[in-house]
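*Asks:*
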Amino acid sequence: MGLFNKLLKKERNRSVIIGLDGVPFSMLKDLKENSGIPNMSSLFDKGYFGKMNVCVPEISSVSWSSFMTGTQSGEHGIFGFIDLEPGTYKMYFPNFMNLKHNTLWDELSKEDKKAVVINMPATYPAKKINGALISGFVAIDINKAVYPTSIIPDLNKMGYRIDVDTMKARQDHDFLFQDLKNTLEGRRRAVDFLWKEIDWDLFIVVITGTDRLMHFLWNAYEDTGHSYHKNFLDYFKLVDSFVGNIYEKFLSLNGSKEDKNNFFMLSDHGFTKIKTEVYLNRWLQDNGYLKFQKDNPKTIMDIAPDSTAFALDPSRIHINMKGKYPFGKVDISDLNRVCEELKDGLEKLCFDDGNCVAKKVYFKEELYNGPYIDQAPDLVVLSHHGYDLKGRVSSPEVFGLTNLQGMHTQDDAFFFNSNGMQCNSIFEAKKIILESLKPKQ
Amino acid sequence: MNQEEQKRIVGLSLDEKINYSKIIITEALSRFTRDDLYIAWTGGKDSTIMLWLFREACKDLGQPIPGAMFIDEGHVFEEIIELVDKVKNEWNIEVSFIKNTDVSDKAKNVGDLIRISDLNERNRKEIEKLEFTEDTFPFEPESFVGNHLMKTVAMNLFIEENNIKALATAIRWDEQEARIKEDFFSPRNNPDHTRIHPILHFKERDIWDTIHKNNIPFCSLYYIGYRSLGAKGSTFKNSDIPAWEQDLENTSERAGRSQGKEEIMEQLRSLGYM
Numbered sequence: 009m010g011l012f013n014k015l016l017k018k019e020r021n022r023s024v025i026i027g028l029d030g031v032p033f034s035m036l037k038d039l040k041e042n043s044g045i046p047n048m049s050s051l052f053d054k055g056y057f058g059k060m061n062v063c064v065p066e067i068s069s070v071s072w073s074s075f076m077t078g079t080q081s082g083e084h085g086i087f088g089f090i091d092l093e094p095g096t097y098k099m100y101f102p103n104f105m106n107l108k109h110n111t112l113w114d115e116l117s118k119e120d121k122k123a124v125v126i127n128m129p130a131t132y133p134a135k136k137i138n139g140a141l142i143s144g145f146v147a148i149d150i151n152k153a154v155y156p157t158s159i160i161p162d163l164n165k166m167g168y169r170i171d172v173d174t175m176k177a178r179q180d181h182d183f184l185f186q187d188l189k190n191t192l193e194g195r196r197r198a199v200d201f202l203w204k205e206i207d208w209d210l211f212i213v214v215i216t217g218t219d220r221l222m223h224f225l226w227n228a229y230e231d232t233g234h235s236y237h238k239n240f241l242d243y244f245k246l247v248d249s250f251v252g253n254i255y256e257k258f259l260s261l262n263g264s265k266e267d268k269n270n271f272f273m274l275s276d277h278g279f280t281k282i283k284t285e286v287y288l289n290r291w292l293q294d295n296g297y298l299k300f301q302k303d304n305p306k307t308i309m310d311i312a313p314d315s316t317a318f319a320l321d322p323s324r325i326h327i328n329m330k331g332k333y334p335f336g337k338v339d340i341s342d343l344n345r346v347c348e349e350l351k352d353g354l355e356k357l358c359f360d361d362g363n364c365v366a367k368k369v370y371f372k373e374e375l376y377n378g379p380y381i382d383q384a385p386d387l388v389v390l391s392h393h394g395y396d397l398k399g400r401v402s403s404p405e406v407f408g409l410t411n412l413q414g415m416h417t418q419d420d421a422f423f424f425n426s427n428g429m430q431c432n433s434i435f436e437a438k439k440i441i442l443e444s445l446k447p448k449q
Numbered sequence: 523m524n525q526e527e528q529k530r531i532v533g534l535s536l537d538e539k540i541n542y543s544k545i546i547i548t549e550a551l552s553r554f555t556r557d558d559l560y561i562a563w564t565g566g567k568d569s570t571i572m573l574w575l576f577r578e579a580c581k582d583l584g585q586p587i588p589g590a591m592f593i594d595e596g597h598v599f600e601e602i603i604e605l606v607d608k609v610k611n612e613w614n615i616e617v618s619f620i621k622n623t624d625v626s627d628k629a630k631n632v633g634d635l636i637r638i639s640d641l642n643e644r645n646r647k648e649i650e651k652l653e654f655t656e657d658t659f660p661f662e663p664e665s666f667v668g669n670h671l672m673k674t675v676a677m678n679l680f681i682e683e684n685n686i687k688a689l690a691t692a693i694r695w696d697e698q699e700a701r702i703k704e705d706f707f708s709p710r711n712n713p714d715h716t717r718i719h720p721i722l723h724f725k726e727r728d729i730w731d732t733i734h735k736n737n738i739p740f741c742s743l744y745y746i747g748y749r750s751l752g753a754k755g756s757t758f759k760n761s762d763i764p765a766w767e768q769d770l771e772n773t774s775e776r777a778g779r780s781q782g783k784e785e786i787m788e789q790l791r792s793l794g795y796m
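Chains A and X, in that order, are what the protein sequence lines are.
Using this note's numbering, you'd call the opening residue of the first sequence number 9 and step up by one each time.
Using this note's numbering, you'd call the opening residue of the second sequence number 523 and step up by one each time.
1) Where does I693 of chain X land, buried or exposed, given buried means 16+ other C-beta within 10 angstroms?
2) Look at M76 of chain A and T111 of chain A and say whether their C-beta atoms are less than 7 angstroms apart.
3) By DSSP, does R324 of chain A sit in helix, in strand, or in coil?
4) Using the DSSP secondary-structure output, state which residues sit across from G85 of chain A in a beta bridge.
5) Which chain A residues are close to L790 of chain X, counting only those with a beta carbon under 7 angstroms from its beta carbon?
6) Of the residues X:I546, X:E771, X:E527, X:D537, which one's Cα is nearest the Cα of A688 of chain X?
7) For the candidate residues A:R22, A:N425, A:F89, whose alpha-carbon lies nearest to that of M787 of chain X?
8) I need the DSSP call for S780 of chain X, collapsed to helix, strand or coil.
9) Buried or exposed, going by whether 16 or more other CB atoms sit within 10 Å of the CB of H734 of chain X?
10) Quick check: what's the CA-CA separation for L51 of chain A versus S426 of chain A?
11) By the three-class DSSP mapping on this structure, what secondary structure does T691 of chain X have?
12) Cβ atoms of G85 of chain A and Y333 of chain A: under 7 angstroms apart, would you say?
13) Tell me the DSSP secondary structure of G414 of chain A in three-state form.
14) Could you give the distance in angstroms between the alpha-carbon of N270 of chain A and the alpha-carbon of N151 of chain A?
15) Within 7 angstroms of any Cβ in chain A, is that where the Cβ of E784 of chain X sits?
16) Compare the Cα-Cα distances from I721 of chain X to each of X:R553, X:R556, X:A562, X:N645 and report the closest residue.
17) Is N61 of chain A helix, strand or coil by DSSP?
18) I think Q383 of chain A touches V64 of chain A, with their Cβ atoms under 8 angstroms apart; what is that distance to the nearest whole Å?
19) With the cut-off set at 7 angstroms, would you say I636 of chain X and I649 of chain X are in Cβ contact?
20) When you check each C-beta in the region 174-202 of chain A against every C-beta of chain X, which residues fall closer than 7 angstroms?
21) With burial defined as no fewer than 16 other Cβ atoms inside 10 Å of the residue's Cβ, what is the status of L743 of chain X: buried or exposed?
22) Can the beta-carbon of A366 of chain A be found less than 7 angstroms from the beta-carbon of L354 of chain A?
23) Hey, is H393 of chain A's beta-carbon within less than 7 angstroms of any beta-carbon in chain X?
24) Scan the region 208-228 of chain A for residues whose Cβ lies nearer than 7 angstroms to a Cβ of chain X and list them as they occur along the chain.
25) Between W72 of chain A and F272 of chain A, what straight-line distance do the alpha-carbon atoms span, to the nearest angstrom?
26) Once the 5 residues before and after F145 of chain A are set aside, which same chain residues still bring their CB inside 7 angstroms of it?
27) Using the three-state DSSP reduction, which class does L354 of chain A fall into: helix, strand or coil?
28) Using the Cα positions of G336 of chain A and E784 of chain X, report the straight-line distance between them to the nearest angstrom.
29) Who are the near neighbours of Y56 of chain A in its chain, counting only those whose CB is closer than 7 angstroms to its CB and skipping five residues on each side?
30) With the cut-off set at 7 angstroms, would you say D396 of chain A and I325 of chain A are in Cβ contact?
31) Hey, does G278 of chain A have any beta-carbon neighbour from chain X nearer than 7 angstroms?
32) Do I738 of chain X and W574 of chain X have their beta-carbon atoms positioned less than 7 angstroms apart in this structure?
33) Between the Cα of L605 of chain X and the Cα atoms of X:R553, X:M591, X:K628, X:T564, which residue gives the shortest distance?
34) Using a Cβ cut-off of 8 angstroms, which residues of the region 317-335 of chain A contact any Cβ in chain X, in chain order?
35) With the cut-off set at 7 angstroms, would you say P663 of chain X and E595 of chain X are in Cβ contact?
36) Chain A beta carbons: is any one of them nearer than 7 angstroms to that of E653 of chain X?
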């Protein structure tokens with residue numbers, strides 16, 4: 009490389025982003041005040057640290073997709089972890105191949121800039137990238153979760169893990185903490201490895217263990233007497249060290265001391281305690297909107313022709329429209345009336361504690377626009393904190409509980425930037441990050 | 523077939539199971555002429571013992587063995603080709619090698635994008651049938667579109683072009699939940715033909731016992747830990763010991779295959795999404 013180009017590289021801005029899946033702004037604020045996260049505490053004081061809103065539904069596949077494309081589902085095509093094959097009731101799992109919009113790193117590669125992306129949810133199977141990509145949840149096979157494949161042996165050797173063993177961890181909480189630690193260590197080694205291996209302009213790593221812990225043991229955080237309370241806080245201390253370690257490496261980059269480089273942190277949604285789960289398909293059945301062909305339906309494919317609407321996980325309502333679905337019942341001329349009626353009913357749905365479940369019931373046009381709006385649900389429910397909406401097909405009652413303790417929130421994610429750049433909505437993040445990488449005069 | 527009958531057949535001794543397969547095959551050979559029936563052969567352990575069963579039955583009947591159909595789905599293990607060559611020569615099998623070249627010619631490497639408008643009418647129509655609306659798709663034999671074009675369409679074209687009336691395939695009841703409903707003779711349409719499934723009742727363990735007892739050749743990949751062989755880029759092994767020495771009864775045969783739907787569902791379910 010010529011001297012001029014070397015100088016250009018030296019002059020460039022670099023950005024680092026650490027994602028903490030599911031970590032609420034309110035929790036970080038609380039931990040900050042209680043000295044639970046010393047590195048992040050001092051870091052957050054150095055720049056802008058604030059609350060951030062995310063998408064609806066507020067789940068990771070949709071949220072991280074919105075983050076990486078800077079747009080909403082009507083443009084990027086990802087509406088949930090599951091979706092239906094067009095014109096059918098057959099379920100499929102949208103993956104990275106189904107993402108329809110340019111990502112942050114696609115834009116960078118147009119300018120010959122490189123990105124390292126570690127553990128980004130919704131990027132499986134891995135696609136070619138100018139740099140390196142390791143897919144995050146849901147990624148079932150490491151051999152399809154990495155680009156370039158040449159680094160797979162290195163990742164295996166360093167004990168890299170895509171995720172904790174969620175099935176085992178949900179039932180065995182001792183194992184959960186052990187696995188969280190092991191996974192975080194593997195993540196850290198991957199960071200150290202790719203930091204040196206690739207000459208990156210943008211470095212992104214996402215921790216997903218935080219989300220797992222809060223799903224399974226939210227109560228261990230809130231309840232200071234909980235037997236796993238200390239383990240919970242210790243895990244966050246480990247995450248804090250992880251952040252501190254990367255921040256140190258960041259500071260030693262050319263340009264960091266002069267604030268030419270940017271350090272970002274964010275989450276893709278917040279978390280809160282589950283008061284009750286809410287099974288929307290049961291509600292639809294109880295109110296005459298949904299019928300199944302059998303007594304124990306397994307999937308939406310068991311839907312009966314005389315159905316008006318059905319729900320897809322977690323909070324999406326699809327109207328069973330003529331011409332759209334095989335057993336379509338509702339005429340397009342009737343669509344608005346049916347939507348209004350459902351919205352009305354859902355807004356009146358209350359739990360035994362007397363509180364309304366729904367904070368807002370959105371029409372699709374209020375949330376989405378773009379080429380993929382036809383795929384969108386007709387209504388989406390945003391619940392109040394504590395009421396965890398589910399699209400489970402069969403349930404004896406509208407309300408119930410499982411052993412899951414934490415649920416997602418839409419309005420309590422966080423954003424941090426070392427140079428004071430603000431971001432209130434996850435849809436804005438891509439633009440801000442691209443801005444940070446532009447050379448400054 | 524009812525559950526009880528299924529259970530009974532699955533509970534037979536190995537020799538009884540082999541006999542039962544030969545009965546199915548004999549029945550098939552009486553219903554269809556040699557030219558109308560093909561044996562679907564992948565070079566994997568199951569279809570190779572099915573081929574062997576046909577060979578044994580034909581020896582008993584003094585009849586020539588039907589031809590085999592081998593689908594090259596675009597990413598075949600060299601070791602599979604080796605096995606197919608060896609067996610084809612040793613047993614004197616006529617093998618028709620088929621490939622959806624209209625698709626595979628458009629991609630240099632697995633993963634390369636193919637433009638749908640570059641494909642022939644049949645392939646374009648088949649993609650329309652899937653209601654796939656993109657302009658391009660990656661050449662990935664085990665993906666939704668790839669699988670359909672490189673396996674299903676290739677096979678259907680072969681059946682149509684050669685007026686095939688029956689196709690024997692080596693599926694087993696214990697492989698996947700979806701297979702439990704299959705019967706030994708199964709009519710299909712589009713194109714119309716009959717499927718013959720001579721080894722439905724074999725368990726994974728039975729396959730290996732048959733192979734070892736009768737010295738049936740098998741692909742070398744099974745020696746080094748592979749349990750199930752699909753397309754090269756999407757088949758992995760979870761062990762280094764020979765397939766038959768692994769804990770067949772308690773671990774998943776297809777764990778190294780990329781279909782993964784059940785695994786995805788499990789992971790989503792564990793976090794409350796489903």
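From the three backbone atoms N, C-alpha and C, an ideal C-beta is built for every residue, glycine too.
Note that the structure is a prediction, hence the values are computed from the model and not measured.
*Replies:* In short, the structure shows the following:
1) Your numbering for residue 693 of chain X matches position 171 in the second sequence. Buried.
2) Against the first sequence, residue 76 of chain A aligns to sequence position 68. Against the first sequence, residue 111 of chain A aligns to sequence position 103. Yes, they are a contact pair.
3) Walking along the first sequence from the start, residue 324 of chain A turns up at place 316. Of the three classes helix, strand and coil, the one that applies to R324 of chain A here is strand, per DSSP.
4) Residue 85 of chain A sits at position 77 when you count from the first residue of the first sequence. Beta-bridge pairing links G85 of chain A to no other residue.
5) Here residue 790 of chain X corresponds to residue number 268 of the second sequence, with the count starting at 1. Chain A residues near L790 of chain X: F89, V146.
6) Counting from one through the second sequence, the residue named residue 688 of chain X turns up at place 166. Closest option to A688 of chain X, Cα to Cα, is X:I546.
7) On the second sequence, position 265 is the one that residue 787 of chain X refers to. Checking every option, the nearest Cα to that of M787 of chain X belongs to A:F89.
8) The count along the second sequence starts at 1 and reaches residue 780 of chain X at position 258. Unreliable positioning characterises S780 of chain X in this predicted model, as indicated by a pLDDT of 48, which lies under 50. The coordinate reading is nonetheless provided below. Three-state result, S780 of chain X: coil.
9) Residue mapping note: residue 734 of chain X aligns to position 212 of the second sequence, counting from 1. Answer is exposed; the Cβ neighbour count stays below 16.
10) Here residue 51 of chain A refers to the residue found at position 43 of the first sequence. Here residue 426 of chain A refers to the residue found at position 418 of the first sequence. Taking the straight line from one Cα to the other gives about 8 angstroms.
11) Within the second sequence, the letter at position 169 stands for residue 691 of chain X. T691 of chain X falls in the coil class under three-state DSSP.
12) Within the first sequence, residue 333 of chain A is the residue found at index 325, counting from 1. Within the first sequence, residue 85 of chain A is the residue found at index 77, counting from 1. No, Cβ-Cβ distance for Y333 of chain A and G85 of chain A is not below 7 angstroms.
13) The residue given as residue 414 of chain A occupies position 406 in the first sequence. Strand at G414 of chain A.
14) By 1-based counting over the first sequence, the position of residue 270 of chain A is 262. By 1-based counting over the first sequence, the position of residue 151 of chain A is 143. Computed Cα separation, rounded: 32 angstroms.
15) The count along the second sequence starts at 1 and reaches residue 784 of chain X at position 262. Chain A contact via Cβ: absent.
16) Translated into positions along the second sequence, residue 721 of chain X becomes position 199. Comparing Cα-Cα distances from I721 of chain X to each of X:R553, X:R556, X:A562, X:N645, the minimum goes to X:A562.
17) Taking the first sequence and counting its residues from 1, one reaches residue 61 of chain A at position 53. Here N61 of chain A sits in strand by DSSP.
18) By 1-based counting over the first sequence, the position of residue 383 of chain A is 375. By 1-based counting over the first sequence, the position of residue 64 of chain A is 56. Between V64 of chain A and Q383 of chain A the Cβ distance is about 15 angstroms, and since that is not below 8 angstroms, they are no contact.
19) Here the question's residue 636 of chain X lines up with position 114 in the second sequence. Here the question's residue 649 of chain X lines up with position 127 in the second sequence. No; because the gap between Cβ atoms is not below 7 angstroms, this pair is not in contact.
20) T174, M175, R178
21) Taking the first residue of the second sequence as position 1, residue 743 of chain X is located at position 221. Buried: at least 16 other Cβ atoms inside 10 Å.
22) Stepping through the first sequence from its first residue, residue 366 of chain A is reached at position 358. Stepping through the first sequence from its first residue, residue 354 of chain A is reached at position 346. Closer than 7 angstroms, so yes.
23) Residue numbering aside, residue 393 of chain A sits at position 385 when the first sequence is read from its first letter. Not one chain X Cβ lies under 7 angstroms of H393 of chain A.
24) H223
25) Within the first sequence, numbered from 1, the residue matching residue 72 of chain A stands at position 64. Within the first sequence, numbered from 1, the residue matching residue 272 of chain A stands at position 264. If I take the Cα positions, the gap works out to 15 angstroms.
26) As a working note, residue 145 of chain A is residue 137 in the first sequence. So the list reads S68, P129, D171, T216, once near-sequence residues are dropped.
27) Within the first sequence, residue 354 of chain A is the residue found at index 346, counting from 1. Helix, per DSSP.
28) By one-based count along the first sequence, residue 336 of chain A stands at place 328. By one-based count along the second sequence, residue 784 of chain X stands at place 262. Whole-angstrom Cα-Cα distance: 28 angstroms.
29) The sequence position of residue 56 of chain A within the first sequence is 48, counting from 1. Counting only Cβ-Cβ distances below 7 angstroms, and skipping sequence neighbours, we find F424, N425, G428, M429, Q430.
30) Here residue 396 of chain A corresponds to residue number 388 of the first sequence, with the count starting at 1. Here residue 325 of chain A corresponds to residue number 317 of the first sequence, with the count starting at 1. Their beta carbons are not under 7 angstroms apart, which means D396 of chain A does not touch I325 of chain A by this criterion.
31) As a first step, residue 278 of chain A is located in the first sequence; it is residue number 270 there, counting from the start. Not an interface residue.
32) Here residue 574 of chain X refers to the residue found at position 52 of the second sequence. Here residue 738 of chain X refers to the residue found at position 216 of the second sequence. Against a cut-off of 7 angstroms, the Cβ pair of I738 of chain X and W574 of chain X comes out as a contact.
33) As a first step, residue 605 of chain X must be located in the second sequence, where it is residue number 83. Cα-wise, what sits closest to L605 of chain X is X:T564.
34) D321, P322
35) The residue given as residue 663 of chain X occupies position 141 in the second sequence. The residue given as residue 595 of chain X occupies position 73 in the second sequence. A contact, by the Cβ cut-off of 7 angstroms.
36) The count along the second sequence starts at 1 and reaches residue 653 of chain X at position 131. E653 of chain X counts as touching chain A.
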